[in-house]
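Q: In this note's numbering, the protein residues as written are 1 to 216.
(1) Measuring CB to CB, does residue 160 end up less than 8 Å from residue 104?
(2) Residue 99 lies in the beta strand (DSSP E); which residues open and close that run?
(3) If we ignore side chains and look at the alpha-carbon of each, how far apart do residue 62 and residue 147 end up?
(4) Look up residue 86 in the DSSP assignment and say whether it is helix, strand or coil.
(5) When burial is assigned at 16 or more other CB atoms within 10 Å of the CB, is residue 138 buried or exposed?
(6) Buried or exposed: which applies to residue 194, given that a residue is buried once 16 or more other Cβ atoms fall within 10 Å of its Cβ?
(7) At the 8 Å Cβ level, is residue 63 part of the contact set with chain C, yes or no?
(8) Which whole-angstrom value is the C-beta distance of residue 80 and residue 143, which I expect to be below 8 Å?
(9) Please return the same chain residues whose Cβ sits closer than 6 Å to the Cβ of residue 128, not counting the five positions on each side in sequence.
(10) Report buried or exposed for residue 223, applying the criterion of at least 16 other Cβ atoms within 10 angstroms of its Cβ.
(11) Is residue 38 closer than 8 Å to residue 95 when the C-beta atoms are compared?
(12) Along the chain, where does the alpha helix (DSSP H) containing residue 113 start, and where does it finish?
(13) Restricting to Cα atoms, I'd like to know which of 46, 47 and 64 is closest to residue 53.
(14) If you compare alpha carbons, which of 135, 150 and 114 is closest to residue 125?
(15) Measuring only the C-alpha atoms, how far is residue 153 from residue 98?
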């Protein structure tokens with residue numbers, strides 16, 4: 001498995017009759033302790049080196065991550081074909097999460113050199129990233145990183161990156177609704193106008209009946 005520290009887990013639980021050595025543990029019940037992990041990575045951090053796998057199985061990526069061990073602060077593993085430099089100046093740097101909500105996470109970081117921002121949150125294709133740097137806002141590609149996490153490439157400078165969950169099915173449905181709603185309302189309005197239009201009274205005699213009567 002991936003290192004607990006690298007995954008950003010600050011605590012872990014285990015069923016044991018004694019606390020883990022060299023860690024601060026809190027007893028939950030007679031057999032369970034919650035142990036603090038002082039060596040955990042920040043929830044968001046920047047690395048300067050990227051290893052890209054265009055075509056690789058999860059087992060291949062996992063083997064590479066195990067080989068990195070605690071050196072995951074130096075390198076991130078990305079799935080795909082990045083169009084940015086895989087090696088940059090600088091070093092590991094923690095980033096600050098300023099807003100955390102179920103559908104939106106905001107991260108701030110100041111970089112003297114370009115780097116790759118890793119967010120220790122589960123990767124899913126419907127997550128988008130928008131970066132505000134030097135007053136300019138643009139969308140960034142979210143890369144599947146370290147097998148299960150999210151990552152974006154950042155240039156040097158001050159960045160505020162918003163990770164926003166935008167499910168395609170929801171927005172597709174909303175677009176269809178916005179397009180069809182005026183049509184439906186128009187049809188309902190037309191139907192109502194037709195129903196309210198005064199009806200022409202029917203003639204008691206068929207056409208030409210008056211002429212026949214006058215001859216009599």
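Think of the CB as a built atom: it goes at the ideal place given N, C-alpha and C, for glycine as much as any other residue.
A: Reading from the atomic positions:
(1) no
(2) 96-101
(3) 7 Å
(4) coil
(5) exposed
(6) exposed
(7) Looking at the structure shown, chain C is missing, and only one protein chain is on hand.
(8) 6 Å
(9) 164 and 166
(10) Past the edges of the chain, shown from 1 to 216, lies residue 223, and the structure says nothing about it.
(11) no
(12) Unbroken run through residue 113: none, as it is neither H nor E.
(13) 64
(14) 150
(15) 19 Å
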